[in-house]
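Asks: Residue numbers (full-length UniProt numbering), protein chains in the order written: chain V, 1 to 340; chain S, 1 to 340.
Just passing along the structure, written as structure tokens.
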């Protein structure tokens with residue numbers, strides 16, 4: 001049987017014949033499309049390797065998925081990275097990591113590099129993208145999805161988030177049920193929507209229990225331990241200090257616990273503390289942290305699947321917004337308020 | 001002046017003329033070589049962009065540096081990633097992240113993908129590479145360096161590590177100077193050289209103080225909090241329990257602190273704890289953790305620079321082994337032994 005091109009190399013048709021599938025399916029595998037079964041993909045990949053098939057197109061050659069962080073410095077980011085990596089791995093793609101540093105959006109060099117790398121898609125952990133960058137990615141048919149637990153949603157960009165309002169509500173209700181009436185909050189940064197959603201959940205829980213929200217007990221943080229420490233010190237220095245503090249992230253909760261220690265307060269006897277995120281370390285604080293579990297890894301997995309679906313030509317059911325649920329995890333940092 | 005090739009595109013010679021440098025220097029920039037000043041590189045990159053220069057070779061097109069982790073699940077890994085990213089960024093390269101999961105070496109699919117991606121180089125956070133993988137990387141002139149704080153050194157592969165023995169010595173001396181005589185150790189996993197180096201430093205510190213090492217007080221851990229908890233529970237249940245424990249990692253130290261709490265022991269009044277690594281969280285434990293600082297980010301930076309130097313054709317001064325120093329950081333988890 002005659003095979004190969006004029007140089008004796010296998011053609012797409014040869015590969016398709018050997019795999020007993022259509023040329024278009026081989027092409028789908030080469031282009032990293034998701035609408036091919038894993039078994040077929042494996043078979044095609046094996047045959048491609050056996051023929052040492054040289055892929056022409058850059059994208060199909062060594063498929064990449066990009067994840068762009070605003071900050072790359074916490075377990076929070078690591079959880080997201082692992083989620084992206086899991087799904088990329090299922091699709092034979094490698095993960096490129098970039099971060100924008102002090103900027104809330106990627107710098108000017110970033111888009112040039114992405115357009116040259118031609119990834120299957122981009123997962124952004126940022127507030128949003130400047131219109132010019134969106135235009136350039138769209139012009140090259142590079143799909144992108146935003147994971148926005150820390151950011152404001154961009155109405156024309158598909159996004160994956162979690163139920164921040166419900167999380168704030170659950171954390172505050174838990175403290176109310178324990179008997180707390182003076183409940184402080186150190187929510188996230190004031191310029192992020194998720195911080196407002198968690199704060200609104202807190203307010204609603206108080207209102208539904210017939211309690212008013214005392215503005216003195218409300219603070220905005222920075223999602224880091226340092227911010228939690230500084231804000232909690234202020235709350236704990238109030239004449240009528242709170243008996244419980246809901247921190248807008250586990251890292252902020254670490255700072256709140258340190259503030260308690262500096263004020264000579266025991267957790268949970270003198271001060272109850274609730275975190276947000278449920279990072280691995282939440283079970284290793286002393287005492288172990290009661291927190292709102294945000295399914296970070298699953299969020300990143302969903303975002304990556306969404307990028308690949310868009311890449312595969314699935315119609316964008318605009319505006320796409322996936323919201324995963326949050327759950328309260330009760331450990332040892334919360335208790336009924338002590339008698340003082 | 002006549003310029004460009006037959007299609008009117010800028011050639012290397014055009015770029016070199018405009019930048020007022022030699023063609024070989026332009027070529028060095030395109031190939032991600034490190035022996036070009038940052039100023040020259042910036043100028044060349046700017047001119048290349050202005051001409052929308054299409055790089056022919058895949059490697060120069062969108063340069064990648066790969067980092068391969070054994071485990072991708074801790075702040076420890078995040079620190080290394082940030083170090084690689086810093087240096088890659090300086091060289092206009094993107095970082096590809098992979099991890100080998102349960103395996104101590106990358107899986108069979110990994111090498112195929114790397115050979116297709118043709119990165120500038122590979123930074124491995126693994127015990128080593130099977131000979132076949134080393135052969136394949138060398139055949140394609142893809143340099144690789146091992147960061148081996150957790151691994152056994154591979155004599156024919158350049159590596160970057162830190163002074164584990166000196167770290168173990170410093171931690172133990174600190175406890176002896178505070179007056180401790182019953183000092184336990186939960187070092188790293190038994191199959192890693194660094195765990196043995198830290199244990200030997202511990203033994204030497206004891207011997208130099210005229211103290212014997214009690215085999216009952218020596219345990220091997222798993223570098224995770226779970227392992228620290230399990231081993232410390234055993235040490236603290238001994239009839240003549242230690243008054244101090246040196247944990248082979250900060251995560252293990254979290255487990256040791258939890259074990260102390262479960263035994264009703266206060267840190268540092270009843271039990272002193274020393275960690276290893278100095279992750280960000282070490283300053284946020286209650287009390288803040290005394291630990292041996294391992295310069296993880298710098299280690300990753302050095303490893304990446306070494307990869308790029310090898311790529312740039314610098315002679316490998318075999319066997320290359322860079323060892324960065326460790327330093328004791330004294331915080332609040334250590335004190336003189338209490339009166340019992």
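The beta carbon of each residue, even a glycine, is placed where N, CA and C say it ideally should be.
Every value quoted in this text rests on a predicted model; they were computed, and no experiment measured them.
(1) Let me make sure I understand the geometry here. Which of V:112, V:165, V:214 and V:73 has the alpha-carbon closest to that of residue 238 of chain V?
(2) Buried or exposed for residue 3 of chain V, going by 16 or more other Cβ atoms inside 10 Å?
(3) Between which two residues does the alpha helix (DSSP H) carrying residue 200 of chain S extend?
(4) Are the CB atoms of residue 229 of chain V and residue 76 of chain V nearer to each other than 8 Å?
(5) Pull up the distance between the alpha-carbon of residue 243 of chain S and that of residue 217 of chain S, whole angstroms please.
(6) As a quick exercise: from V:248, V:51, V:326 and V:292, pick the residue whose alpha carbon is nearest that of residue 220 of chain V.
(7) How would you list, in chain order, the residues of chain S whose beta-carbon sits under 7 Å from the beta-carbon of residue 310 of chain V?
(8) For residue 75 of chain V, return the contacting residues in chain S, with the cut-off set at a CB-CB distance below 8 Å.
(9) If you run the structure through DSSP and keep just helix, strand and coil, what is residue 357 of chain V?
(10) Restricting to Cα atoms, I'd like to know which of V:189, V:202, V:212 and V:241 is closest to residue 224 of chain V.
(11) What residues of chain S sit near residue 286 of chain V, judged by a beta carbon separation below 9 Å?
(12) Are the beta-carbon atoms of residue 13 of chain V and residue 43 of chain V separated by less than 8 Å?
(13) Would the stretch 269-288 of chain V count as touching the stretch 250-259 of chain V if we require 3 or more Cβ pairs under 8 Å?
(14) Is residue 82 of chain V close to chain S? Criterion is C-beta to C-beta, closer than 8 Å.
(15) Go ahead and label residue 97 of chain V buried or exposed: buried means 16 or more other beta carbons lie within 10 angstroms of its beta carbon, across all protein chains shown.
(16) Does the Cβ of residue 240 of chain S have 16 or more other Cβ atoms within 10 Å, making it buried, or fewer, making it exposed?
(17) Within the same chain, show all residues whose beta-carbon is closer than 6 Å to that of residue 157 of chain V, passing over the 5 residues directly before and after it, in chain order.
(18) Quick one: what's residue 321 of chain S bridged to in DSSP?
(19) Going by the beta-carbon positions, is the gap between residue 250 of chain V and residue 227 of chain V smaller than 8 Å?
(20) Taking the beta carbon of residue 82 of chain V as the centre, do at least 16 other beta carbons fall within 10 Å, making it buried, or is it exposed?
(21) Please list, in chain order, all residues of the same chain as residue 289 of chain S whose beta carbon is under 6 Å from its beta carbon, the five residues on each side excluded.
(22) Check whether the stretch 131-145 of chain V touches the stretch 166-185 of chain V, counting contact only when three or more Cβ pairs, one atom from each stretch, lie closer than 8 Å.
(23) I need the DSSP call for residue 66 of chain V, collapsed to helix, strand or coil.
(24) Please list, in chain order, the chain S residues whose beta carbon lies closer than 7 Å to that of residue 113 of chain V.
(25) If I measure Cβ to Cβ from residue 294 of chain S and keep anything under 6 Å in the same chain, skipping five residues before and after, which residues do I get?
(26) Under the rule that 16 or more other beta-carbon atoms within 10 Å means buried, what is residue 78 of chain V, buried or exposed?
(27) Go ahead and pull the three-state DSSP assignment for residue 331 of chain V.
(28) Take residue 186 of chain V and list the residues in its own chain whose beta-carbon comes closer than 7 Å to its own, dropping the five residues that flank it on each side.
(29) Taking residue 197 of chain S as the reference, give the member of S:35, S:126, S:172 and S:134 with the closest Cα.
(30) What's the C-alpha gap between residue 114 of chain S and residue 48 of chain S?
(31) Below 7 Å CB to CB, which residues in the same chain sit around residue 336 of chain V once its five sequence neighbours on both sides are set aside?
(32) Taking residue 85 of chain S as the query, report the chain V residues whose CB atoms sit under 9 Å from its CB, ordered along the chain.
(33) Over what stretch of residues does the beta strand (DSSP E) that includes residue 21 of chain V continue unbroken?
(34) For residue 117 of chain S and chain V, any beta-carbon pair shorter than 8 Å?
(35) Could you check the C-alpha separation between residue 125 of chain S and residue 199 of chain S for me, to the nearest Å?
Replies: Reading off the structure:
(1) V:214
(2) Reliability fails at residue 3 of chain V, whose pLDDT of 46 lies under 50, so the model's placement of it is uncertain and no value is given.
(3) 193-208
(4) no
(5) 11 Å
(6) V:248
(7) Ordered by position in chain S, no residue passes the 7 Å Cβ test against residue 310 of chain V, which lies about 21 Å from the chain.
(8) 74, 75 and 78
(9) No answer is possible for residue 357 of chain V: it lies beyond the span of chain V, which begins at 1 and ends at 340.
(10) V:189
(11) 254, 257, 258, 260, 261, 267, 285 and 286
(12) no
(13) yes
(14) yes
(15) buried
(16) exposed
(17) 146
(18) S:159
(19) no
(20) buried
(21) 253, 275, 282, 331 and 333
(22) no
(23) strand
(24) 62 and 94
(25) 162, 277 and 326
(26) buried
(27) coil
(28) 219, 221, 228, 231, 232, 245, 247, 248, 252 and 256
(29) S:172
(30) 27 Å
(31) 178 and 179
(32) 72, 97, 98 and 99
(33) Taken as a continuous stretch (DSSP letters only), residue 21 of chain V belongs to no beta strand (DSSP E), as it is neither H nor E.
(34) yes
(35) 21 Å
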